[in-house]
Ligand SMILES: NC(=O)c1ccc[n+]([C@@H]2O[C@H](COP(=O)([O-])OP(=O)(O)OC[C@H]3O[C@@H](n4cnc5c(N)ncnc54)[C@H](OP(=O)(O)O)[C@@H]3O)[C@@H](O)[C@H]2O)c1
């Protein structure tokens with residue numbers, strides 16, 4: 005059985021559909037139950053649970069549901085995540101805390117809670133898998149996604165450390181790092197989540213199809229060792245952002261562009277939400 009967080013839209017939904025088509029049993033979650041039902045309610049072998057993975061009580065409840073209803077947990081896909089486009093000085097403090105709670109604390113804590121099950125599965129069948137849906141922002145941190153990038157860089161560090169704890173015991177730890185994907189993330193992150201696919205039309209961010217990321221996630225679950233994947237593959241060039249001379253050039257160029265970055269972010273947010281950009285509240 006596979007647990008996929010955030011299965012009602014975007015990459016998570018594409019992943020649930022992909023895994024269900026392969027005949028896997030899946031438990032997935034989201035906060036909006038109606039949307040979750042619309043997305044996965046008709047899929048055989050898929051259970052949707054209303055849960056907020058940024059909330060400690062809900063994380064425990066989610067894993068209890070997994071154990072109670074589906075038996076052995078073979079893999080976890082840590083997909084649910086949120087972003088917010090704008091300069092740090094324009095971000096409300098509770099928005100920062102919400103993004104860290106979901107993208108970083110939520111990922112680490114859900115992993116901690118699931119780890120005994122994954123280690124048991126690895127012992128019983130020789131493998132178990134954890135896939136973190138990270139971002140190219142884990143490698144190159146760019147405004148207006150500074151806080152988002154920081155959480156994904158945190159996920160990157162977490163995955164590297166965890167690999168060294170569990171690989172020899174049969175748990176593979178993967179990261180899938182997409183460039184821009186055509187999903188609802190910007191609208192949702194700024195507090196205007198679409199209520200249906202029809203509502204999302206015209207408000208999706210530009211990018212590659214979520215199914216391309218789902219294919220790579222499914223590939224990780226069949227891989228013979230832990231993988232770090234960029235989607236598309238050329239987006240792996242973002243790793244160069246951490247090389248000191250490139251890093252210094254980015255510092256120099258971008259630090260003079262704060263006004264333009266703010267304007268750009270504001271325009272993008274307005275397009276996806278219809279609201280004034282830069283100061284909206286995420287996560288509803
Ligand atoms: N889209 C991109 O360009 C892009 C690029 C790189 C990486 N990523 C990463 O890919 C992952 C998925 O993003 P996406 O673009 O598919 O986003 P999306 O279209 O906004 O979908 C997010 C999904 O996660 C759920 N979710 C959000 N907050 C949650 C919470 N607190 N608890 C439980 N479920 C929650 C949402 O449902 P509810 O709102 O109903 O809870 C929805 O099902 C994220 O980690 C994101 O950082 C995205």
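Residue numbers (our numbering): 5 to 288.
Here a beta-carbon is modelled for each residue, glycine too, at the ideal position from N, C-alpha and C.
Nothing here was measured: the structure is a model prediction, and the numbers come from that model.
- The beta strand (DSSP E) runs of length 3 or more contained entirely in the segment 162 to 238 are, from start to end of the chain, 175 to 182, 232 to 235.
- DSSP places residue 16 in the helix class (H, G or I) of the three-state scheme.
- Across the structure, residue 78 and residue 255 are spaced so that their CA atoms are roughly 42 Å apart.
- DSSP, reduced to helix, strand and coil, places residue 245 within a helical segment of the structure shown.
- Taking all protein chains shown into account, residue 25 has fewer than 16 neighbouring C-beta atoms within 10 Å of its C-beta and is therefore exposed.
- If you look at residue 121, you'll find it in the alpha helix (DSSP H) that goes 110 to 129.
- In this chain, the alpha helix (DSSP H) harbouring residue 277 covers 262 to 277.
- Excluding five sequence positions before and after residue 215, the CB atoms of its chain that fall closer than 6 Å to its own CB belong to 18, given in chain order.
- Closest in alpha carbon position to residue 124, among 193, 175, 8, 229, is 175.
- In the three-state reduction of the DSSP assignment, residue 144 falls in the coil class, being assigned neither a helical nor a strand state.
- At a Cβ-Cβ threshold of 7 Å, residue 274 and residue 207 do not count as neighbours.
- DSSP places residue 52 within a strand segment (E or B) once states are collapsed to three.
- Judged by DSSP in its simplified three-state form, residue 104 adopts helix.
- Taking 8 Å as the upper bound for CB-CB distance, residue 52 and residue 11 are in contact here, some 7 Å apart.
- With a cut-off of 6 Å, the C-beta of residue 208 is classified as distant from ligand 1, since no heavy atom of the ligand falls inside that distance.
- As DSSP reads the structure, residue 133 sits in a beta bridge with 79, 176.
- Between residue 113 and the set 210, 36, 80, 94, the nearest pair of CA atoms involves 80.
- Placement of the Cβ of residue 84 at a distance of less than 6 Å from at least one heavy atom of ligand 1 is found.
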